[in-house]
Amino acid sequence: PETPPPGVDTPPQPRSDEEGAKARRAVEEGSAAPASRAPPADSGLEPALAASVEAALASGDPSLLAQTLQDLQRRLVSKTQEALALERALDAGAAASAPADAGGAVADYGVAVAEETESQVLALQQSLSEESARAFQLEEEVRALTARLGDAEQRHAAEIERLAKEKAAIEDNLEKAYTEIADLRRRLEESAGQTELEEANALLLDENEGLREEISALKVALEEERSKRGALVRERVASLRDETARMEHSNAEMRTLVEAYEEKIDELDERLEELEGENAALESLVGDLRAQLDKTEKERETMVRALRKKIKTLELRLEVGGVRADEQTQAV
Numbered sequence: 066p067e068t069p070p071p072g073v074d075t076p077p078q079p080r081s082d083e084e085g086a087k088a089r090r091a092v093e094e095g096s097a098a099p100a101s102r103a104p105p106a107d108s109g110l111e112p113a114l115a116a117s118v119e120a121a122l123a124s125g126d127p128s129l130l131a132q133t134l135q136d137l138q139r140r141l142v143s144k145t146q147e148a149l150a151l152e153r154a155l156d157a158g159a160a161a162s163a164p165a166d167a168g169g170a171v172a173d174y175g176v177a178v179a180e181e182t183e184s185q186v187l188a189l190q191q192s193l194s195e196e197s198a199r200a201f202q203l204e205e206e207v208r209a210l211t212a213r214l215g216d217a218e219q220r221h222a223a224e225i226e227r228l229a230k231e232k233a234a235i236e237d238n239l240e241k242a243y244t245e246i247a248d249l250r251r252r253l254e255e256s257a258g259q260t261e262l263e264e265a266n267a268l269l270l271d272e273n274e275g276l277r278e279e280i281s282a283l284k285v286a287l288e289e290e291r292s293k294r295g296a297l298v299r300e301r302v303a304s305l306r307d308e309t310a311r312m313e314h315s316n317a318e319m320r321t322l323v324e325a326y327e328e329k330i331d332e333l334d335e336r337l338e339e340l341e342g343e344n345a346a347l348e349s350l351v352g353d354l355r356a357q358l359d360k361t362e363k364e365r366e367t368m369v370r371a372l373r374k375k376i377k378t379l380e381l382r383l384e385v386g387g388v389r390a391d392e393q394t395q396a397v
């Protein structure tokens, strides 16, 4: 794997398959995915990269989203290294062959481009780190909610089981009471003690009414428990939907930053080609100037030698003329 440069945060590693599956089930049960979260057609991404981003956004899998963010970050690191390599090559070429004034201009431009590129890379890496942290936090919240829902379901199942046992016990008591009532009626028909049987019947009827009231109270408590659990689940699902919407907005902003960064890299490539053409033209001009300078130096040296010869000839002539003049003067 590529090693990011200093100052670049490493994105969090994706969770295990079991944890990712639990988080995915919680998200799928909590809210339905939007109709389309694919990147725009004019996003500027490569086809393979755009397809992977679209698949990650459509699946809603936190681990897949984290992996996609990591791939994007690696691609940004690669682009940064390419830009730095181009900058170093440009500086080396300018220092080796360009004139002093042209080399200074190219170096200044390279420094400005490097500073601007570094600031954009740092800003983008910070945004990626924040989005990765938010994705990790959302995953942890989903796991916690899943655990809470599991605990609530266990408690609810235990409560239902307890109520079912109580209901079965009450039904057994009612059945026993009905059996006793039937037995008392039979005994009443056989016995002459009418008053005692009526009192026992009234007592059993009171007990039956009390048992019915207890059953009604248990049903009300069960309905309240179901209502509370449903309200809790609906509230948390709404919160997860809001968080998902925020994550989608953040992902859209991140994609915009990536597109802007790719456009800037394309501009730098074009500018580098222009500078290379200008550098070649300057090298050709310097070669022509040097050739002309050498030719001028040779012509100047030839003229100097010719002038020196003429001066020597004139000096000799002057000396001869002076000697002749002296001879004529002496002869006169």
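Residue 314 in the numbering used here is what sits at position 249 of the sequence shown, and the numbering runs on without skipping anything.
Ideal Cβ positions, reconstructed from N, Cα and C, are used throughout, including at glycine.
Same chain, Cβ closer than 7 angstroms to residue i, five either side skipped, listed in chain order
| i | result |
| --- | --- |
| L379 | none |
| R401 | Since the displayed the chain opens at 66 and closes at 397, residue 401 lies outside it and no answer follows. |
| E195 | none |
| E254 | none |
Selected residue, minimal CA-CA separation from residue i, among the options
| i | options | result |
| --- | --- | --- |
| T425 | N266, I225, E224, K232 | Missing from the structure shown is residue 425; the chain here goes from 66 to 397 and no further. |
| L269 | S194, L287, K232, K241 | K241 |
| L228 | V285, L149, Q395 | V285 |
| A188 | E318, R355, E341 | E318 |
| I280 | S143, R140, E348, A234 | A234 |
| Q146 | L381, D307, I330, R294 | I330 |
| Q135 | A198, E180, S184 | A198 |
Sequence-distant residues of its chain with Cβ nearer than 6 angstroms to residue i (five each side left out)
| i | result |
| --- | --- |
| P99 | With a pLDDT of 36 at P99, under the threshold of 50, the modelled position of this residue cannot be trusted; read the value that follows with caution. Within the same chain, P99 has no close Cβ partners at all. |
| G95 | Confidence is the limiting factor: at G95 the pLDDT is only 42, short of 50, which leaves the residue's position unreliable, though a coordinate-based value still follows. Around G95: V302, L305. |
| P105 | Low confidence applies to P105: its pLDDT is 41, below 50, so where it sits in the model is not reliable, and the reading given next is rough at best. Excluding residues within five positions, none has a Cβ falling inside 6 angstroms. |
| S101 | Summary for S101: the model assigns pLDDT 38, below 50, so the residue's position carries little reliability; its value from the coordinates is reported in the next sentence. So the list is empty, once near-sequence residues are dropped. |
| I246 | L269 |
| L354 | none |
| T394 | none |
| R389 | none |
C-beta atoms of residue i and residue j nearer than 9 angstroms
| i | j | result |
| --- | --- | --- |
| L239 | L276 | yes |
| R301 | H221 | no |
| E236 | L287 | no |
Proximal residues to residue i (C-beta, below 8 angstroms), its chain only, five neighbours per side dropped
| i | result |
| --- | --- |
| K232 | I280, L283 |
| L249 | L262, A265, N266, L269 |
| N273 | L239, A242 |
| G299 | As written in the sequence, residue 299 is Arg, which differs from the Gly given in the question. The answer is none, since no qualifying residue turns up. |
Beta carbon proximity, residue i to chain C, threshold 9 angstroms
| i | result |
| --- | --- |
| A325 | Looking at the structure shown, chain C is missing, and only one protein chain is on hand. |
| said: When you compare the region 331-350 with the region 217-228, are there three or more beta-carbon pairs, one atom per stretch, that lie closer than 8 angstroms? | reply: no
| query | Curious, which full-length alpha helix (DSSP H) runs of at least 4 residues does the region 217-251 contain? | reply | none
| Unbroken alpha helix (DSSP H) runs of length 4 or more, entirely within the region 256-329: which are they? | none
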